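Under this note's numbering, the first residue of the sequence shown is numbered 70, with each subsequent residue one higher.
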Amino acid sequence: RRVPLTFKMALRISHSISSLLRGSRRMSDLSFSLSSEQQELDSLSKKFAREEIIPAARHHDQTGEFPWELIKKAHSLGLMNMHIPAEYGGLGLSSVDACIAAENLAYGCSGISTAIGGPALAEAPVLVGGSHEQKKKYLGRMTEQPMIAAYCVTEPGCGSDVAGVKTTAEKKGNEWVLNGSKMWITGAGHANWFFVLARTNATAKTSKAFTGFIVDATTKGITLGRKENNMGQRASDTRAVTFEDVVVPDENRLGAEGNGFILAMKAFDITRPEVAAGALGVASRAMDEAGKYALQRKTMGKPIIQHQAVLFMLADMAMGIETGRLMVRRAAWEMDSGRVPTYYASIAKAFCADHAMKTCVDAVQVFGGNGFNCEYPVEKLMRDCKIFQIYEGTSQVQRLIVGQELANRFAESA
70 RRVPLTFKMA LRISHSISSL LRGSRRMSDL SFSLSSEQQE LDSLSKKFAR
120 EEIIPAARHH DQTGEFPWEL IKKAHSLGLM NMHIPAEYGG LGLSSVDACI
170 AAENLAYGCS GISTAIGGPA LAEAPVLVGG SHEQKKKYLG RMTEQPMIAA
220 YCVTEPGCGS DVAGVKTTAE KKGNEWVLNG SKMWITGAGH ANWFFVLART
270 NATAKTSKAF TGFIVDATTK GITLGRKENN MGQRASDTRA VTFEDVVVPD
320 ENRLGAEGNG FILAMKAFDI TRPEVAAGAL GVASRAMDEA GKYALQRKTM
370 GKPIIQHQAV LFMLADMAMG IETGRLMVRR AAWEMDSGRV PTYYASIAKA
420 FCADHAMKTC VDAVQVFGGN GFNCEYPVEK LMRDCKIFQI YEGTSQVQRL
470 IVGQELANRF AESA
């Protein structure tokens, strides 16, 4: 006779199966929840974005003024230099922590968040390859007071093609003489020091041809270009930097001679998940603005959110944002676990940047003619968002990295 399966019986069977499984393997420790400290960081960064960044964003977008007051406030709250270890005055937070804050700050304004978070890219090579003395001197000063550092790799003739860097460094005794020009350098106009990638061997292969240097911004021979008038992220300072017979002591060489390219690429492993998180912040803001507008705007006798065409656009926004956040957290988790996160970081960077751009374009579409007007918020979000598909490696370069990793895996398993 069949005995009907009751809830209590099913529960006992489930518990029995779980006990058997625990005897043969460890149960999954996968969790999507934030720790109490991460919840506090999440609340703090959201509050800062809501109360400080959003009210100031329009002014900085229109004037291009560098947001020093907001940088000072962010620094005092611990929302800058998150990766710097406690040994050098920092908080020593994890990559996951940094991504939580990056998303929330970019929700407020990605131009201002880039001004706040931009120094992390210059700090990353020092974290990866710097000596104790270099870290104490240059990372330590970043935690003592609000300060900007800039990452100088891109040049007028090469961006994604780092192997094409033409800036040179020639060794003379215990010093190096740098010559060359860098372009699109974030924070350059306010930097206290630069990380500079220069060619030190004209004949070596790319992985051995370059060396990284820490260069104080006050060094003789450095010339700054004008602040570039960019499409978006206008609060962020972007300039050309020219080095003409700039003398740098050997003690400011980062790591071994010829190891600069590797340091520069490892820096991206640290920062690309955060850049992806920033793109998510912009996407989330665009979705929220579009959703609020869709509730208020009426056509054909009802709010446009009740039209399936609009509702599906909002649904696509949400699906991509949720998916992207999982990719960001996976890449950050890989980093925090001590593994090389390049593959996952590139997936996160490409997906989040592309989805954020689509979300912003669709948000403008939801607003219709109003979306094309500067009095409404979504046109700024669309302008700000485009750069996520370009800086710190274009979306195409990220696909190249992912594809090469796949090709290697396939070859190994063949």
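Positions of the beta carbon are idealized from the N, C-alpha and C atoms, including for glycine. Owing to the predicted nature of the structure, the values given are computational and were not obtained by experimental measurement.
Own chain partners of residue i with C-beta closer than 7 Å, once the 5 adjacent residues on each side are dropped
i: V379; result: A363, I373 and V435
i: R468; result: A419
i: A260; result: I217, A218, A219 and A286
i: L293; result: A257, G258, R308 and V310
Local conformation of residue i per DSSP, three classes
i: Y30; result: For residue 30 there is no data in the structure shown, the boundaries of the chain being 70 and 483.
i: T255; result: strand
i: T368; result: strand
i: E444; result: coil
i: E313; result: strand
i: V471; result: helix
i: V476; result: The displayed chain sequence assigns Ala, not Val, to residue 476. A476: helix per DSSP, three-state reduction.
i: N105; result: Reading the sequence as shown, one finds Ser at residue 105 and not Asn. Correct three-state label for S105: helix.
i: R398; result: helix
i: C178; result: coil
i: A432; result: helix
i: K235; result: coil
i: P318; result: strand
i: T132; result: helix
i: T411; result: helix
i: R303; result: coil
i: L383; result: helix
6 Å CB neighbourhood of residue i in its chain, flanking five on each side removed
i: N321; result: F282 and I283
i: Q465; result: none
i: A401; result: S164, V165, C168 and P342
i: E239; result: V246
Proximity to residue i [Cα-Cα], best of the options
i: L113; options: P136, R127 and L174; result: L174
i: T183; options: E156, A425 and T340; result: T340
i: A189; options: N477, C178, E202 and Y207; result: Y207
i: P410; options: C421, A422, F420 and M396; result: M396
i: A143; options: G407, L323 and A171; result: A171
i: E213; options: G198, S145 and T275; result: S145
i: V351; options: L196, D405, Q302 and A232; result: Q302
i: T463; options: T428, F117, G161 and D423; result: D423
i: I181; options: E202, S164, T236 and A125; result: A125
i: R398; options: L323, K251 and G347; result: G347
i: A273; options: N299, E326 and P225; result: E326
i: K205; options: Q108, D357, R119 and G159; result: G159
i: C227; options: Q375, T428, G249 and P215; result: G249
i: E109; options: L148, P154, A387 and G133; result: L148
i: C221; options: A257, N243, G186 and H201; result: A257
i: R295; options: T288, K251 and F337; result: K251
i: M426; options: C443, K449, D357 and C454; result: C454
i: S353; options: K371, T392 and E120; result: T392
i: N270; options: G360, E244, T237 and N243; result: T237
i: E297; options: I254, N439 and I291; result: I254
Sequence-distant residues of the same chain with beta carbon closer than 8 Å to residue i, five excluded per side
i: Y412; result: I470, V471 and E474
i: V430; result: M451
Discussion item. Would you call the region 259 to 275 in contact with the region 324 to 333, where contact means no fewer than 3 C-beta pairs closer than 8 Å?
Written reply: Yes: at least three Cβ pairs fall under 8 Å.
Item to complete: Could you tell me whether the region 124 to 143 touches the region 308 to 318, using the rule of 3 or more Cβ pairs below 8 Å?
Response: no
Fill in: alpha helix (DSSP H) runs contained entirely in the region 243 to 298, provided each spans 4 or more residues
Fully enclosed alpha helix (DSSP H) runs of no fewer than 4 residues occupy 275 to 278 of the region 243 to 298, in order along the chain.
Discussion item. When you compare the region 230 to 242 with the region 191 to 202, are there three or more beta-carbon pairs, one atom per stretch, that lie closer than 8 Å?
Written reply: no
Worksheet item: What residue ranges within the region 188 to 214 form continuous alpha helix (DSSP H) runs of no fewer than 4 residues, ordered along the chain?
Response: Segments of the alpha helix (DSSP H) lying fully in the region 188 to 214: 188 to 198 and 209 to 213.
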